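Visitor: Going by this note's numbering, 76 is the number at position 6 of the sequence shown; the sequence numbering is gapless. Cβ coordinates follow ideal geometry from the N, Cα and C atoms, glycine included. The structure presented is a predicted model; accordingly, all values stated were derived computationally and were not measured. I'd like to ask you about the structure that follows.
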Amino acid sequence: MDELIQSFFNVEIAAAALPIVIQGLLNTILLSLLVVPLGLLGGLILALLAHSRSPLVRWPLIAWVDFFRAFPPLVLLILLFAGLPFAGLELGGFACVAIAFFLNTGAYYGEILRAGIESIPNGQVEAARSTGLSRLQAMIYIVLPQAVRNVLPDLLSNTLEVVKLTSLGSVVAVPELLYQARQAQSLTFNPTPIVMAAVVYFLILWPMVRVLSRLENRALAARR
Numbered sequence: 071m072d073e074l075i076q077s078f079f080n081v082e083i084a085a086a087a088l089p090i091v092i093q094g095l096l097n098t099i100l101l102s103l104l105v106v107p108l109g110l111l112g113g114l115i116l117a118l119l120a121h122s123r124s125p126l127v128r129w130p131l132i133a134w135v136d137f138f139r140a141f142p143p144l145v146l147l148i149l150l151f152a153g154l155p156f157a158g159l160e161l162g163g164f165a166c167v168a169i170a171f172f173l174n175t176g177a178y179y180g181e182i183l184r185a186g187i188e189s190i191p192n193g194q195v196e197a198a199r200s201t202g203l204s205r206l207q208a209m210i211y212i213v214l215p216q217a218v219r220n221v222l223p224d225l226l227s228n229t230l231e232v233v234k235l236t237s238l239g240s241v242v243a244v245p246e247l248l249y250q251a252r253q254a255q256s257l258t259f260n261p262t263p264i265v266m267a268a269v270v271y272f273l274i275l276w277p278m279v280r281v282l283s284r285l286e287n288r289a290l291a292a293r294r
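Below, the structure is given as structure tokens:
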């Protein structure tokens, strides 16, 4: 038992690694604040374009969404980080993570928002148009607020996954929480910093999990 504690729960090493882990936490928060809005923006654009009546827009859009939902985000990130310099684009790790998440998570957010929009009866759009609103205004003021409310649990669930996926930034040397914990581990030759990172991830995400559970239970109760 003592060996287990010294290996994974070493108090002295935890105290020494704490500043490094906290710096990684701050970068993870910054990265999340960057990639989540980018993914939502990309998803909103895709969801709105999905309702285009032109097949020249819809079919390439379907191919785009299917491709980036099927393509592994880690592979996409590595391709961007390692491949863009050959195209003359020297982007840092943060920028590559932002682009990769915009493409990957935007496709998932887009499908969620598209389903939410399709859950709103067309009669509401027609009623809004009859009052003088344009199609875009009806979408913004009438459809989207209801659509977001209908798919809010799914949006939160996907956001949880996005925050967890920020740990992929460590692959391209973005100094987020996991990367910093691994750096501390390499300096101390002890996995305690990795355990610290796992605890921090849990403390950050557990409140969101509880909120998500309550929303899902409320949605189930409303359907009964």
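Compute the Euclidean distance between the alpha carbons of Val221 and Ile115, then round it to the nearest angstrom.
Guide: About 17 Å.
Visitor: Please list the segments of the alpha helix (DSSP H) lying wholly inside the region 134-196, counting only runs of 4 or more residues, in order along the chain.
Guide: Listed in chain order, the complete alpha helix (DSSP H) runs (minimum 4 residues) inside the region 134-196 are 143-153, 163-188.
Visitor: What separation, rounded to the nearest whole angstrom, lies between the Cα atoms of Arg205 and Leu282?
Guide: Approximately 32 Å, taken between the alpha carbons.
Visitor: Using beta-carbon positions only, say whether Ala117 and Leu183 come within less than 7 Å of one another.
Guide: Closer than 7 Å, so yes.
Visitor: For Gly186 and Val218, which I take to be in contact (beta-carbon distance under 8 Å), what is that distance rounded to the nearest angstrom?
Guide: That pair is a contact at about 6 Å.
Visitor: If we count the other Cβ atoms within 10 Å of its Cβ and call it buried at 16 or more, is Phe138 buried or exposed?
Guide: By the neighbour-count rule (16 or more Cβ atoms within 10 Å), Phe138 is buried.
Visitor: When the Cα atoms are used, what is the spatial distance from Leu161 to Leu101?
Guide: Straight-line Cα distance between these residues: approximately 15 Å.
Visitor: Would Val244 and Val127 be called neighbours here (beta carbons separated by less than 7 Å)?
Guide: No, the pair does not count as a contact, with Cβ atoms beyond the cut-off.
Visitor: For Thr258 and Glu246, I'd like the C-alpha separation in whole angstroms.
Guide: About 18 Å.
Visitor: Can you tell me whether DSSP reads Val127 as helix, strand or coil?
Guide: It is helical.
Visitor: Work out the CA separation of Phe151 and Ala157 for me, nearest whole Å.
Guide: Looking at the two C-alpha atoms, the distance is approximately 11 Å.
Visitor: What would DSSP say about Leu282, mapped onto helix, strand or coil?
Guide: Reduced to three states, the DSSP call for Leu282 is helix.
Visitor: From the DSSP output, in three-state form, read off Thr201 for me.
Guide: Three-state DSSP puts Thr201 in coil, outside helix and strand.
Visitor: Starting from the C-beta of Val242, find all residues in its chain whose C-beta is less than 8 Å away, skip the five residues before and the five after it, and write them out in chain order.
Guide: For Val242, where only same-chain residues beyond five positions count, the Cβ hits under 8 Å are Leu147, Ile148, Phe151, Gly163, Cys166, Val167.
Visitor: For the candidate residues Ser240, Thr229, Leu203, whose alpha-carbon lies nearest to that of Asn174?
Guide: Nearest of Ser240, Thr229, Leu203 to Asn174, Cα basis: Thr229.
Visitor: I need the straight-line Cα distance from Leu273 to Ala267, nearest angstrom please.
Guide: Whole-angstrom Cα-Cα distance: 10 Å.
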